[in-house]
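Counted from 1, the sequence shown has number 51 at position 51 by my numbering; the numbering is strictly sequential. The beta carbon of each residue, even a glycine, is placed where N, CA and C say it ideally should be.
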Amino acid sequence: MTRLGAIILLIIVVVGVGFASMLSFGGVPTRVSRSADETVVAPSSASDGAGLSVPVAGVRREALHDSWGEAREGGERGHQGIDIMAPGGTPVIATADGWIEKLFESGRGGTTLYQRSADGRWVYYYAHLAGYASGLREGLRVGRGQLLGYVGDSGNAGAGNYHLHFGLSRMGAGERWWQGESVDPYPLLARPRSGR
Ligand SMILES: [Zn+2]
Numbered sequence: 001m002t003r004l005g006a007i008i009l010l011i012i013v014v015v016g017v018g019f020a021s022m023l024s025f026g027g028v029p030t031r032v033s034r035s036a037d038e039t040v041v042a043p044s045s046a047s048d049g050a051g052l053s054v055p056v057a058g059v060r061r062e063a064l065h066d067s068w069g070e071a072r073e074g075g076e077r078g079h080q081g082i083d084i085m086a087p088g089g090t091p092v093i094a095t096a097d098g099w100i101e102k103l104f105e106s107g108r109g110g111t112t113l114y115q116r117s118a119d120g121r122w123v124y125y126y127a128h129l130a131g132y133a134s135g136l137r138e139g140l141r142v143g144r145g146q147l148l149g150y151v152g153d154s155g156n157a158g159a160g161n162y163h164l165h166f167g168l169s170r171m172g173a174g175e176r177w178w179q180g181e182s183v184d185p186y187p188l189l190a191r192p193r194s195g196r
């Protein structure tokens with residue numbers, strides 16, 4: 001009887017200690033490592049943190065105006081990109097290395113171009129173009145500074161309101177040109193590239 005009682009007491013103690021250790025150690029370490037992962041994925045990591053070139057020839061970084069989030073179409077949606085004012089016909093150039101993913105004609109954007117970054121994680125969007133550079137086609141690799149097209153007023157820019165609308169999207173695995181999450185490109189355009 002006393003031996004059986006001792007065994008039962010031992011079982012209660014072992015189960016109790018095991019349950020207490022689950023409560024004190026479970027969950028906490030995994031939550032810490034998860035938040036550390038989130039810190040790594042930040043907008044500043046675009047193009048290896050090297051920044052982007054201003055995609056309109058002759059426009060200086062200092063001349064850019066951050067128009068992200070400004071009211072558009074009667075305030076129904078925030079502006080998702082930056083408008084870079086320039087005379088019609090001014091060369092539009094690649095903001096970074098990558099390839100042409102899509103040439104697309106849309107009501108809002110007019111003549112548009114979607115460029116994928118070299119690492120595949122970003123899409124650069126050029127809108128209201130007057131036209132494309134000759135020989136440009138989907139799948140073509142382009143280098144930073146390469147001629148893509150010309151500043152225009154196509155789509156809903158408004159006749160004579162010549163500017164480039166430039167957008168930046170962070171792309172998830174397997175996402176295509178119309179997907180992704182819009183990010184303000186201004187900080188990456190306004191900050192000079194390191195090393196050049
Ligand atoms: Zn715009």
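With DSSP run on the structure shown, which of helix, strand or coil describes residue i?
i      : result
Tyr186 : helix
Gly180 : coil
Ala63  : helix
Ala71  : strand
Arg3   : helix
Ala127 : strand
Tyr162 : coil
Asp83  : strand
Arg191 : coil
Thr112 : strand
Ile93  : strand
Glu138 : coil
Gly98  : strand
Val56  : strand
Which term fits residue i, buried or exposed, when burial requires 16 or more other beta carbons within 10 angstroms of its beta carbon?
i      : result
Trp178 : exposed
Pro87  : exposed
His163 : buried
His65  : exposed
Ala159 : exposed
Ala6   : exposed
Arg116 : buried
Ala71  : exposed
On the premise that residue j lies in contact with residue i, defined as a C-beta separation below 8 Å, what is that separation, rounded to the nearest angstrom?
i      : j      : result
Thr112 : Leu52  : With 8 Å as the limit, Thr112 and Leu52 do not qualify as a contact, their Cβ atoms being about 18 Å apart.
Ala62  : Leu103 : Checking the sequence shown, residue 62 turns out to be Glu, not Ala. Contact doesn't hold; Cβ gap of about 31 Å is too wide.
With a cut-off of 8 Å, does the C-beta of residue i fall near any C-beta of chain C?
i      : result
Ala127 : Going by chain labels, chain C is absent from the structure shown, which holds only one protein chain.
Are at least three pairs of beta-carbons, each pair with one atom in the segment 147-163 and one in the segment 121-137, less than 8 Å apart? yes
Contact between the segment 78-93 and the segment 140-149: three or more CB pairs below 8 Å? yes
Can you tell me which residues fall inside 6 Å of ligand 1, judged by beta-carbon distance to its nearest heavy atom, and keep chain order? His79, Gly81, Asp83, His165
Using 8 Å as the Cβ pair cut-off and three pairs as the minimum, do the segment 179-187 and the segment 156-171 touch? yes
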